[in-house]
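Participant: Mapping of the sequence shown onto this note's numbering: position 77 corresponds to residue 83, and the numbering continues sequentially without gaps. Cβ coordinates follow ideal geometry from the N, Cα and C atoms, glycine included.
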Amino acid sequence: MASHISLKTLAVLVLAIALCVQGTLGAITCENLDENTCAFAVSSSGKRCVLEKHVKRSGEEAYTCRTSEIEADKIQDLIETDQCIKGCGLDRKTLGISSDSWKDINN
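#1: Report the residue from 95, 86, 91 whose alpha carbon sits nearest the alpha carbon of residue 49.
#2: Could you pull out every residue in the same chain whose Cβ sits closer than 6 Å to the Cβ of residue 81, ignoring the five residues on either side in sequence?
#3: Contact defined as beta carbons within less than 8 Å: I believe residue 75 pairs with residue 99. What is the distance between those atoms, to the nearest angstrom?
#4: Would you kindly report the start and end of the unbroken beta strand (DSSP E) that includes residue 92?
#5: Could you spell out where the beta strand (DSSP E) holding residue 76 opens and where it closes?
#6: Going by DSSP, name the residue or residues bridged to residue 47.
#7: Would you decide whether residue 68 is buried or exposed? Buried here means 16 or more other CB atoms lie within 10 Å of its CB.
#8: Inspect the beta-carbon positions of residue 70 and residue 55 and report whether they are closer than 8 Å.
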């Protein structure tokens, strides 16, 4: 009887660990994506990723991927394929709304 209870406990523990590891390994975080995968991606939380361009003091352009507040409908953990992007006539370097554009309006 004691071994039967311990086998159930072990099975539940293994299942719980498997679910946790799967969620951890498959999670997409926008801030960890580079400029070639950011646009048209959806994070594991279901929020869309947005690519922003910043100009450094040296004049060099730098790109940052951020999580937007826009939630995708029924989609999570998705980085759109290159085939789909090209098929739709889109570009991976498509920029999102940046707070820098507001500075230009006010000047």
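Facilitator: Reading off the structure:
#1: Taking the first residue of the sequence shown as position 1, residue 49 is located at position 43. Comparing Cα positions, the closest option is 86.
#2: Taking the sequence shown and counting its residues from 1, the one referred to as residue 81 is at position 75. The answer, listed in chain order, is 48.
#3: For the purposes of this step, residue 75 is identified with residue 69 of the sequence shown, where counting begins at 1. For the purposes of this step, residue 99 is identified with residue 93 of the sequence shown, where counting begins at 1. Actually they are not in contact, since the Cβ atoms of residue 75 and residue 99 sit about 22 Å apart, beyond 8 Å.
#4: Position 86 of the sequence shown, counting from 1, holds the residue named residue 92. Taken as a continuous stretch (DSSP letters only), residue 92 belongs to no beta strand (DSSP E), being part of the alpha helix (DSSP H) at 88-93.
#5: Taking the sequence shown and counting its residues from 1, one reaches residue 76 at position 70. Where residue 76 is concerned, the enclosing beta strand (DSSP E) stretches over 67-77.
#6: Sequence index remark: in the sequence shown, residue 47 carries index 41 (1-based). BP columns for residue 47 point to 85.
#7: On the sequence shown, position 62 is the one that residue 68 refers to. By the neighbour-count rule (16 or more Cβ atoms within 10 Å), residue 68 is not buried but exposed.
#8: Within the sequence shown, residue 70 is the residue found at index 64, counting from 1. Within the sequence shown, residue 55 is the residue found at index 49, counting from 1. Against a cut-off of 8 Å, the Cβ pair of residue 55 and residue 70 comes out as no contact.
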